[in-house]
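For the sequence shown, our numbering gives the first residue as 1290, with consecutive numbering after it. Written below as structure tokens is the structure these notes are about.
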Amino acid sequence: GTLVIHHDAEVNGLAIRDAGFEQLRAKRPEMPSLEEYLDLARGRCFLNLEIKRADPAALARALSSFEADCLLVSSFSLEILRGLREAAPGLALGLLPDSLIRNSEAADAAAAEGFRVILPFELLATRHLVERAHRHGLKVVAWTVNLAPALDLLLERGADGIITDRYPAMREHLAGRGITAVDSPLG
């Protein structure tokens, strides 16, 4: 099937995994295929693709033409990330911890798997987690950081980056603190 870009598992009650691309497009004409999305983004921005469900080999093929230094593939699923690591060893991979318990083990697990980034929910990006991740050589990118006080706290804790719905406001806040925002958490 066609890989698509969509946050949720369903579109207007239709399970994405059970639908063909044309069915999905009929319900959501603006829904891009992964190929369309990559073509649009190519050369314009850094991408963090959070993968909820996909065949790792098919995903690796689809991503093979995209600039590797402009891409992070993240997931809550160790199975998907392991499959991607095998299918496309050069991809930067990031682990999304899925609970407080997993969060405490995220840095160790991500390092043991050869991933480059951990992406905890903003409230779970503790100083302990950040320090542990950095000892392993991992970057820490917290999500979804939409308020300046939360960004300030993450900066104090040593986080390397954020995912936000309010990019202009967060960028402006950083500039006000004399910090130049960068678009890639990998560099």
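All C-beta atoms in this analysis are idealised placements derived from N, C-alpha and C, irrespective of residue type, glycine included.
Look at the stretch 1369–1403 and you find these whole runs of beta strand (DSSP E), each 3 residues long or longer: 1381–1384. Secondary structure note for Glu1461: its alpha helix (DSSP H) is the uninterrupted segment Tyr1456 to Gly1465. Under the DSSP assignment, Leu1360 falls in the beta strand (DSSP E) whose first and last residues are Leu1360 to Ser1364. In this structure, Ala1422 lies near Ala1396, with their beta-carbon atoms less than 8 Å apart.
Boundaries of the alpha helix (DSSP H) harbouring Lys1316: Phe1310 to Lys1316, taken from the DSSP string. Annotation: Ala1343 is outside any beta strand (DSSP E) and is labelled neither H nor E by DSSP. Under the Cβ criterion (8 Å, minimum of three pairs), the stretch 1328–1346 does not count as touching the stretch 1309–1316. Scanning Thr1433, Ala1401 and Ala1343 for the CA closest to the CA of Leu1373 turns up Ala1343.
Between Leu1360 and Leu1380, the beta carbon gap of about 7 Å places them in contact (Cβ cut-off 8 Å).
DSSP places Glu1356 outside any alpha helix (DSSP H), giving it a letter other than H or E. One alpha carbon belongs to Gly1450, the other to Leu1367, and they sit about 22 Å apart. In this structure Leu1382 is not in contact with Ile1407, their Cβ atoms being roughly 10 Å apart against a cut-off of 8 Å. If you look at Ala1431, you'll find it in the beta strand (DSSP E) that goes Lys1428 to Ala1431. Contact check between the stretch 1433–1444 and the stretch 1453–1465: three or more CB pairs, one atom from each, fall below 8 Å, which counts as touching.
When C-alpha distances from Gly1290 are compared across Arg1460, Leu1323 and Asn1301, the shortest belongs to Leu1323. Ranked by Cα distance from Pro1438, the options Val1429, Leu1412, His1425 and Leu1418 are led by Leu1412. Membership of Glu1325 in the alpha helix (DSSP H) is indicated by the continuous run Leu1323 to Ala1330.
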